[in-house]
Every structure is written in C-alpha cells, then in structure tokens.
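K.L.:
Numbering (the UniProt record's numbering), first residue to last: 1 to 355.
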C-alpha cells in the first residue's frame, strides 16, 4: 500500500516545482485504481492501510496536512486536504558514485539505491555519521541509546523515534551494531500480603508507570479508597506494549490459581491496540477490560490532542464494537476529533473527588 501511494505522490510532485494542494478523497481514489477491484483494495488493508501510508509520507516530508481544512469524519480521521511537496521542497540529491562506493565499504545501502527519492542531503548526513562511526567502532565505548543518538545525530531522541527506527532498518542495522547498551527493564508488580494463600485472585495490568505507582500506594496505604471494581490482589506495571513480552512473568504467579485478569491503558488507538493484542495472543486467560477505570477517565470530561501518528487497527475496532459497543461509541467520538485521554488523569486529586 505504501509503495503504491508513494508512486502516486512522487508522480504528482515531479510535475510541479511548488507544493500542490490535493484532496484525500482524490488520492485514495487514485490509490484504489491501482488495484484490480475494491475487494482487492480492502484485502490489502483498505482505508486503515491508506491512513498508515499517508502518515508515513507525512513523516517523510512528502505530505503536509492543511490544518485549516476539516477532518473527513472517518476512523482514523485524516484532514480533507494536504500539500504535496514540489520538486523545490522535496529535491532528491542523487548521491555521487564515489560516495556510494565509499558507503558500500561499511554499510548496506541497497534501500537507498533502489529508492532514489531517499537520496537526500539530510539522509546522506545521517548515513555519513553512521559510516564514520562504523569505521572507528572499536574505539567507542558502549553507550545508552539517547547518548549515542546525540553523539551521531545531535538529537538524543532520534534513535528512539519511529523515523530513527526506520532509518536503522533501511541500513539493516540494530542498536547492538551501534554499541548501544540494552535497556535494563525490571518487571514491576505489587502483591497483596495474602496473595499466596488465595486460590482465586484478581490481577490488574496498568499501562502507565505513574498510574501504577498511584495504585500501588493506594492499595498499600488505603485500600478502602479503591472503587474501580474488584480490588486487585496483584497489580502489574505493563509499560505500554512491553506487557506483551512480560506476560510470562505473570503466568508464573498465577500458574496454580484461578485468575481474573483485567487491563487498563490510555484511551487512544495505541492503548486499545495493546489490549486487543493481549486478548488474542493469550486467549486462554480471557483477559478483560477494566471498564470501571475507562468510565472514570471519561467522566473527567478532559481530553488531550493525539500528537503522535496512531492508528487503531481494524481488528481492534471490530473487537471493541462487538464486546464494548457503548464504551466504544464514546471513545470513537474522541478519535474522530483526534483526541485522547491519558491514563494519568487517574490520580490522587481525581480519586479524592470520586470522579
């Protein structure tokens, strides 16, 4: 889907020196025409895949949303109009043969050779930074990701961003190749004193660290203040999507017990996607949604803009529409307006007010 959409955008960009205004409807229609029929388009991911491709092209600088234009009222929403960069704004530099030969000595740059539009001055500067590092790799110490990112690119957050990860992927490199220390991540949990004696237990997975610590304190100091459904016997810090790799730790705690496992995260596409992935990856545990917490978050009537490129998968959307229709109807309104509710809205102040 991405490569086909990129081809359409590049063809439009080639014809104009200056940026061109385009309608999302027209762009999607042009993309659909690249498929044999509409069913083939849907099988390739349909509108959701189109959105992801649009967002990737926006990140790469090919597209710029016209924020004065209305949203298209679909899920996930897009602006109705975008600017397509012209040849002046998105000029391919075409690296010199001598530079390409030099880079090949240390790096796998076949992606840049097969996709000439990536041969920009900006990309060359980044590739050259990696090339110089690889030439003197043995002289360098192991550093944390942010330290290496600052050293190479002057931006401590680059290697942790989606653009940074895509950049490394294009060079067929991983953090280990750049002598980046693996992150030491601890499995954090809080357990009630009588957990070991119980045969039936309640487990609550919390996506965010701040909310986990709030609940940990609440359960240790004043469990009577707990009014989010059943009081958990075991509280787990999920660390976003990290819970998917940490789930075996939970299994070791509940292997000899009957466990009811619930999950709570941010009300945004990523948070809902994490829950759906948990449910489908570990179906034998019948993981539930901690609906009381989501109701509490919505009751605060405080929303925040979605600042990152997030797309709710079609499977996640269908799951919530089937199993949580009333809740999802309220959440969908937020997504249409590009709004979210972070889990951190559940704090001692809002708990004291009782919602």
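Beta carbons: idealized from backbone N, C-alpha and C, even for Gly.
Count the other CB atoms within 10 Å of the CB of residue 187; is the residue buried (16 or more) or exposed (fewer)?
P.N.:
It is exposed - the Cβ of residue 187 has fewer than 16 other Cβ atoms within 10 Å.
K.L.:
Counting beta carbon pairs with one atom in the segment 21 to 29 and one in the segment 70 to 83, are three or more of them shorter than 8 Å?
P.N.:
The segment 70 to 83 vs the segment 21 to 29: in contact.
K.L.:
Which of the three DSSP states, helix, strand or coil, is assigned to residue 190?
P.N.:
It is a strand residue.
K.L.:
Taking only the alpha-carbon atoms, compute the straight-line gap between residue 107 and residue 162 and give it to the nearest angstrom.
P.N.:
Going by the C-alpha atoms only, they are around 21 Å apart.
K.L.:
Would residue 263 and residue 275 qualify as a contact pair, given that the criterion is a beta-carbon distance under 7 Å?
P.N.:
Yes; because the gap between Cβ atoms is below 7 Å, this pair is in contact.
K.L.:
Could you give the DSSP three-state label for residue 51: helix, strand or coil?
P.N.:
Residue 51: helix per DSSP, three-state reduction.
K.L.:
Do you know offhand how far residue 341's Cα is from residue 180's?
P.N.:
C-alpha separation (whole angstroms): 33 Å.
K.L.:
For residue 95, count neighbouring C-beta atoms within 10 Å of its own C-beta (all shown protein chains included) and say buried if the count is 16 or more, exposed if not.
P.N.:
Looking at its Cβ environment, which holds 16 or more other Cβ atoms inside 10 Å, residue 95 is buried.
K.L.:
Tell me whether residue 252 sits in a helix, a strand or coil according to DSSP, three-state version.
P.N.:
DSSP places residue 252 in helix when its eight states are reduced to three.
K.L.:
Could you tell me the boundaries of the beta strand (DSSP E) in which residue 202 lies?
P.N.:
That run of the beta strand (DSSP E) goes 200 to 206.
K.L.:
Return the CA-CA distance between residue 355 and residue 56, expressed in angstroms with no decimal places.
P.N.:
With a pLDDT of 45 at residue 355, under the threshold of 50, the modelled position of that residue is not reliable, and the figure given next carries that caveat. Their Cα atoms are separated by approximately 38 Å.
K.L.:
Which one or two residues does DSSP pair with residue 102 in a beta bridge?
P.N.:
None, per the DSSP bridge assignment.
K.L.:
Where DSSP assigns a beta bridge to residue 21, which residues make up the other side?
P.N.:
In DSSP, residue 21 forms a bridge with 83.
K.L.:
Between which two residues does the alpha helix (DSSP H) carrying residue 211 extend?
P.N.:
Run containing residue 211: 209 to 221, per the alpha helix (DSSP H) assignment.
K.L.:
If you count every other CB in all the chains shown that lies within 10 Å of the CB of residue 197, and 16 or more means buried, which is it?
P.N.:
With fewer than 16 Cβ atoms within 10 Å of its Cβ, residue 197 is classed as exposed.
K.L.:
Along the chain, where does the alpha helix (DSSP H) containing residue 357 start, and where does it finish?
P.N.:
Because the chain here runs from 1 to 355, residue 357 falls outside it and cannot be looked at.
K.L.:
Is the segment 199 to 209 touching the segment 148 to 158 in the sense that three or more CB pairs, one from each, lie closer than 8 Å?
P.N.:
As far as the Cβ criterion goes, the segment 148 to 158 does not touch the segment 199 to 209, which means the pair count is below three.
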